[in-house]
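In my numbering, the protein residues as written are 122 to 533.
Beneath this line is the structure, given in structure tokens, with notes to follow.
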Amino acid sequence: MRKNGRLCAVLLALCLVLCGCAAGVRPEAAASAAEAVGAAAEPAPTPPPAPEAAVGAVPKTTPVPSPAPTPPPAPEELLLQGMTTEEKVGQMFFVRCPETDGAEMVARYQPGGILLFGRDFDGLSRGQVTGAIEAYQSAAKIKLLVGADEEGGEVVRISDNPQLSDEPYWSMRDLYNAGGTELLCAAEAEKCRLLLSLGVNVNFAPVCDISDDPASFMYARSLGLSPADTAAAVGAVVGTYEAENVGTVLKHFPGYGNAADSHAGVVYDNRGLAAFEGGAFLPFEAGIDAGADCVLVTHNIVPCVDGEAPASLSAAWHAVLRDTLGFSGVIITDDLSMGGVTDYTDGESAAVAAVLAGNDMLCCTDFETQIPAVVRAVEDGTISEARIDESVLRILRWKLERGLIFAPAELE
């Protein structure tokens, strides 16, 4: 077929040449046309065959990326894995130190923290205080948060002992009025160094409440400033504590305002939510932004969010603290022995309700009944193990960040 095609093309070209000559066309042009036709008639060259794969050659494959390695568990997760239910629940209690046999209590219940009051410092020398705290720490499998209420002014537990301090610490209000934020932070830094020298690693301060009524319960303990100025001062104080490596507890969320004292009984705070969002929340937000470790929740009933339960036992108020204010640290109740709770429910029920509401730690005196009550609630399913683990991880993380425990050495 190829030969016949080429022959036809040649004959056609000859005809064109002859016709061209007859018609007066130059022979050179006709010849060029014939050459062009002949070239067009040539078939396209056949591409060479693809080389055959060598025998035994490995076919090319697209590499599959290796899966990302699973990150190792965080130190607090490793610690949690080795704990019993009783030990986990114990970590959730910040207990008031008993007058006697404190080390024995720690060895038995393994609380997460121990709160010292005036009686634990009154008339004692520095050596006696540090010796007692060292005994408590030695009895703890996981080192304790050791706290005190050393606000200054009306609330001092340590500095009113002349063997421990030259003079009682001034209130935040008096310090600020005398020298602004600079003097306030300088005094708080000095306070931190005293606390650490004794073995106290958490101060239940600063007070974030805003009160403008001299007759109110919280007035003398508050800064006496506008919400914005209170927020700025609180943020600066928390930053000072961070620099000195002393834990802070912002109190008393969502803010006392001019409410009555909930130590004596149930207290209602009927302010609207706007009063909190535009004022009372600001110091807490500033403290959280500055790195506060813990927020203490009051027992006041605040109907704008929950009109049934004290804020300390209210899941709705805890949701505000977590979701609206963005707090991811440890939430602790005010003392569960206060009238604001005991007039509302009994001690065992209060402890269980406090955990279910979202508290990570429970501040209490009646720990001998409340710790077993929470353990039973976990065992019977009232409180899930996951709920307990969530809180204990926060507590262990706090201790790790403060250098109280060092994983994995703690696991050895």
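Glycine included, each C-beta is placed from N, C-alpha and C at the ideal position.
Out of Leu442, Val355, Ser458 and Asp222, which one is the CA nearest neighbour of glutamate 272?
The residue given as residue 272 occupies position 151 in the sequence shown. Answer by Cα proximity: Val355.
CA-to-CA distance, alanine 411 to leucine 525, given in whole angstroms
Residue mapping note: residue 525 aligns to position 404 of the sequence shown, counting from 1. Residue mapping note: residue 411 aligns to position 290 of the sequence shown, counting from 1. The alpha-carbon atoms of leucine 525 and alanine 411 are separated by roughly 21 Å.
What runs of the beta strand (DSSP E), each 3 residues or longer, lie entirely inside the stretch 444-487?
451-454 and 483-485
Could you compute how far the alpha carbon of isoleucine 235 sits from the alpha carbon of leucine 266?
If you number the sequence shown from 1, residue 235 lands on position 114. If you number the sequence shown from 1, residue 266 lands on position 145. Computed Cα separation, rounded: 6 Å.
If glycine 450 sits next to tryptophan 519, beta carbons under 8 Å apart, how far is it from one beta carbon to the other, in whole angstroms?
To locate residue 450, count along the sequence shown from 1; it is residue 329. To locate residue 519, count along the sequence shown from 1; it is residue 398. Glycine 450 to tryptophan 519, Cβ: 7 Å. Contact.
With respect to the beta strand (DSSP E) encompassing phenylalanine 374, which residues constitute its N-terminal and C-terminal limits?
Reading the sequence shown from its first residue, position 253 is the one you call residue 374. Note, phenylalanine 374: beta strand (DSSP E), 368-374.
Go to leucine 319, then tell me how far its alpha helix (DSSP H) extends in each direction, as first and last residue.
If you number the sequence shown from 1, residue 319 lands on position 198. Start and end: 293-319.
Isoleucine 492 - DSSP class collapsed to helix/strand/coil:
Residue 492 sits at position 371 when you count from the first residue of the sequence shown. In this structure, isoleucine 492 counts as helix in the three-state DSSP scheme.
Per-residue burial, alanine 155 [other beta carbons within 10 Å of its own, 16 or more giving buried]
Position 34 of the sequence shown holds residue 155. Unreliable placement is indicated for alanine 155, whose pLDDT of 40 sits below 50; no coordinate value is reported for it.
Spatial neighbours of alanine 261 in its chain, beta-carbon cut-off 6 Å, leaving aside the 5 residues before and after
By one-based count along the sequence shown, residue 261 stands at place 140. For alanine 261, where only same-chain residues beyond five positions count, the Cβ hits under 6 Å are Val227.
Out of curiosity, what's the CA-to-CA distance linking alanine 286 and leucine 305?
Here residue 286 is taken as the residue at index 165 of the sequence shown, counted from 1. Here residue 305 is taken as the residue at index 184 of the sequence shown, counted from 1. Residue identity check: residue 286 is serine in the sequence provided, not alanine. Roughly 17 Å between the two C-alpha positions.
Do three or more CB pairs link the stretch 344-359 to the stretch 388-398 at distances below 8 Å?
no
Excluding sequence positions up to five away, which residues of its chain have a Cβ less than 6 Å from the Cβ of serine 153?
The residue labelled residue 153 in the question sits at position 32 within the sequence shown. Because the pLDDT at serine 153 is just 45, under 50, the model does not fix this residue reliably, and the point stays unresolved.
Contacts around phenylalanine 527, its chain only, beta-carbon distance under 7 Å, and the 5 residues preceding and following it disregarded:
The residue labelled residue 527 in the question sits at position 406 within the sequence shown. Taking C-beta separations shorter than 7 Å and ignoring five residues to either side along the sequence, phenylalanine 527 has no partners in its chain.
Compare the C-alpha of phenylalanine 238 against each of Gln231, Arg229, Arg247 and Glu220 and name the closest.
The residue labelled residue 238 in the question sits at position 117 within the sequence shown. Measuring from the Cα of phenylalanine 238, the nearest candidate turns out to be Glu220.
Cβ pair valine 277, asparagine 324 closer than 7 Å
Mapped onto the sequence shown, residue 277 falls at position 156. Mapped onto the sequence shown, residue 324 falls at position 203. No, the pair does not count as a contact, with Cβ atoms beyond the cut-off.
Rounded to whole angstroms, what's the CA-CA distance from threonine 361 to valine 185? Just pull it up for me.
Residue mapping note: residue 361 aligns to position 240 of the sequence shown, counting from 1. Residue mapping note: residue 185 aligns to position 64 of the sequence shown, counting from 1. Near 51 Å, if we compare the C-alpha coordinates of valine 185 and threonine 361.
Distance check for threonine 466 and glutamate 522, CA to CA, integer angstroms please.
Within the sequence shown, the letter at position 401 stands for residue 522. Within the sequence shown, the letter at position 345 stands for residue 466. Going from the Cα of glutamate 522 to the Cα of threonine 466 covers about 35 Å.
With 16 as the cutoff for other CB atoms within 10 Å, does arginine 294 come out buried or exposed?
By 1-based counting over the sequence shown, the position of residue 294 is 173. Answer is buried; the Cβ neighbour count reaches 16.
Assuming leucine 483 contacts phenylalanine 215 (C-beta within less than 8 Å), just tell me the rounded distance between them.
Counting from one through the sequence shown, the residue named residue 483 turns up at place 362. Counting from one through the sequence shown, the residue named residue 215 turns up at place 94. Contact flag correct, Cβ pair sits at about 7 Å.
For serine 280, collect the residues of the same chain with a Cβ closer than 6 Å to its Cβ; drop the 5 residues on either side in sequence, then sort them by chain order.
As a first step, residue 280 must be located in the sequence shown, where it is residue number 159. Hits under 6 Å: Ser286, Pro289 and Tyr290.
What residues in its chain sit with their C-beta under 8 Å from that of aspartate 510, if we drop five residues either side in the sequence?
For this step, residue 510 is matched to residue 389 along the sequence shown. Answer for aspartate 510: Leu201 and Lys209, listed in chain order.
Buried or exposed: where does serine 187 fall if 16 or more other Cβ atoms within 10 Å of its Cβ makes it buried?
As a working mapping, residue 187 is identified with position 66 in the sequence shown. By the neighbour-count rule (16 or more Cβ atoms within 10 Å), serine 187 is not buried but exposed.
Simplified DSSP state of tyrosine 377, which is helix, strand or coil:
Taking the first residue of the sequence shown as position 1, residue 377 is located at position 256. Here tyrosine 377 sits in coil by DSSP.
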